[in-house]
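J.:
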Amino acid sequence: MISINRTAMPAVREMFDRRAELGIGVAKLENGATCIDCGVQATGSFRAGALFVEACLAGLATTAITVDRLGDVPVPFLHLVVNRPALACPGSQKAGWVLKHGSFSAMASGPARALALKPRETYRRIGYRDDSPVGVLALEAGTLPDETVTGEIASACGIEPAGLHVLVAPARSLVGSVQIPGRVVTATLHKLETAGYDVRRIVQAWGRVPIAPVKKTDHEALGTTNDCIIYGGSVGLVVGEDDPVFATLPSRCSPDYGKPFAQILADAGDEVAAVDSTLGFSPAEVTVSIPSTGEVRHYGGPDPGVLLGSFGLR
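Just so you know, we're using my numbering here: the sequence shown kicks off at 11 and counts up by one.
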């Protein structure tokens, strides 16, 4: 069985080797852990955001950035193709670990979750466990972790701090504007899991999603980046057989459709983990391909008007 922490390392190494070009900072902490600042003090870049996504998906996805039109407005789009979706998405990119230590808090995702079994139920469902001596964890946070925090992470993962690589970016950053919309496929698989669907039945997946403009506050940024998924995100799934659940995936199926995610987040006390609206994990549209029958299904569609409003373009 492959080690998803090892397969994530090429993206991490590229970030390390190209840090000046990518606008990111790299620091080796006193305990040996490596901290890659992708937007806390560093400026970051779209390419750094794409590499952040690739690392979060355990190196099991390829990404590209293009420019296309959203309505009449040209905007950048992230494209991704995901191999082994159950392992890459719920097994790695899912933000399944909430870190809190003193004043430091972060939503954690990435393959190091498999070392710490965060959450254990996810890895029971997909039947996976990693035993790598290196760990890659991505943090959505506005401050950088210190030796105490990284030491606790390493301990939970069962590795030495010197084997830990932590990527950090706040929502209100260039990298945040890429990596949060870059969860479009994982959000879709999360919704499928919630409905009781075994995501191991998905052979291949792809996504296309607008990259959000950077906002001034995390609240605004979380709203706009999630709106990219809800009102502009496209997901494709290759599956063995059809299932009625696929028709329920698009955001238009939610009674909250049309609401900006910032409003939903405010209703949940600005805690992403407390959001229970089905809108929060729904792409705008889903295309399902069934090779065994040659059938293709398509559900939903983008809503440029709502998304451009979220961007601040009326």
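Where a beta carbon is used, it is the ideal one built from N, C-alpha and C, also for glycine.
Which residue or residues does DSSP assign as beta-bridge partners of E31?
T.: Answer is none; E31 lacks a bridge partner.
J.: Can you list, in chain order, the residues of its chain whose CB lies under 6 Å from that of L202, leaving out five sequence neighbours each side?
T.: V209
J.: How about A215 and V195: are their beta carbons less than 8 Å apart?
T.: yes
J.: By the 10 Å Cβ neighbour count, where 16 or more other Cβ atoms means buried, how is Q273 classified, buried or exposed?
T.: exposed
J.: At 3 residues or longer, what runs of the beta strand (DSSP E) sit wholly inside the stretch 141 to 179?
T.: 145 to 150, 174 to 179
J.: Spatial neighbours of A96 within its chain, please: CB distance less than 7 Å, with the 5 preceding and 5 following residues excluded, ordered by chain position.
T.: I136, V209, R210, I212
J.: Could you have a look at R307 and say whether DSSP puts it in helix, strand or coil?
T.: strand
J.: Apart from the five residues just before and just after D313, which ones in its own chain have a Cβ nearer than 6 Å to its Cβ?
T.: Y241
J.: By alpha-carbon positions, which one of A151, E281, K104 ends up nearest to H111?
T.: Comparing Cα positions, the closest option is A151.
J.: Tell me which residue opens and which closes the beta strand (DSSP E) that F114 is part of.
T.: 114 to 119
J.: Can you tell me the Cα-Cα spacing of S115 and L109, whole angstroms?
T.: 5 Å
J.: Just to confirm my understanding: we take T234, look at its own chain, exclude 5 residues before and 5 after, and list those with CB closer than 6 Å. What are they?
T.: A222, K225, S320
J.: Does the beta carbon of A126 fall short of 7 Å from some heavy atom of the ligand FAD?
T.: Of ligands this structure carries none, so the ligand FAD is not represented either.
J.: Who are the Cβ neighbours of E40 in its own chain at under 7 Å, not counting the five residues just before and after it?
T.: E157
J.: To which residues of the same chain is D27 closer than 8 Å at the C-beta, ignoring the five residues directly before and after it?
T.: none
J.: Using C-beta distances below 7 Å, list every residue in its chain close to G49, excluding the 5 sequence neighbours before and after it, in chain order.
T.: A179, P180, S183, L184, V185, G186
J.: By the DSSP assignment, the alpha helix (DSSP H) with Q189 in it spans what residues?
T.: 184 to 189
J.: So, at 7 Å on beta carbons, what are the nonlocal neighbours of G168 in its own chain, with the 5 sequence-adjacent residues on each side left out?
T.: L125
J.: Can you tell me whether R134 is buried or exposed, with buried defined as 16 or more other CB within 10 angstroms of its CB?
T.: By the 10 Å Cβ count, R134 comes out exposed.
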